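So for the sequence shown, the working numbering puts the first residue at 100; every next one is plus one. Think of the CB as a built atom: it goes at the ideal place given N, C-alpha and C, for glycine as much as any other residue. Keep in mind that this is a model prediction, so the values were computed, not measured.
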Amino acid sequence: MSASIPSGRAARGSSRCERRMRGSKSDLADDPMTLDDNPDWSEAVVAPLDSALKLQAIRARLRLSQSAFAALLRIPRSTLQNWEQGRTAPDSFVRHVIDVIYDDPEGMRQRLERDSAA
């Protein structure tokens with residue numbers, strides 16, 4: 100089975116990312132790569148993917164269904180589904196909240212449960 104060849108700059112191997120992949124390990128150590136190196140991977144593209152993966156990981160660590168996790172966060176289940184599946188993206192503030200929850204999911208669950216009981 101042959102792999103399909105992407106079109107555009109990557110197909111010609113002229114992107115910095117492609118050149119780095121062909122280089123040696125010592126070349127990589129001296130040349131840190133950033134999102135600016137590949138304009139297709141802008142923050143607008145990466146952040147929603149990152150948030151989707153983090154939400155899925157948080158939910159898995161807490162062993163919660165989408166319904167239970169959405170209820171804990173006090174958001175509609177459909178919103179959580181859309182975020183996790185990358186159909187829509189949370190805004191910047193919510194992405195920061197996701198980062199905080201990701202760092203301590205169990206602690207955040209305890210706080211949210213305590214707040215909802217009060």
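query	result
Exposed unless 16 or more other CB atoms sit within 10 angstroms - verdict on R158	buried
Host alpha helix (DSSP H) of Q209 (start-end)	204-216
Given E205 as reference, the closest of A151, D149, L163 once Cα atoms are compared	L163
Delimiting residues of the alpha helix (DSSP H) encompassing R176	176-183
Nearest to S215 (by Cα), restricted to the options L172, E183, Q180	L172
Rounded Cβ spacing between L179 and F168 (contact assumed at less than 8 Å)	6 Å
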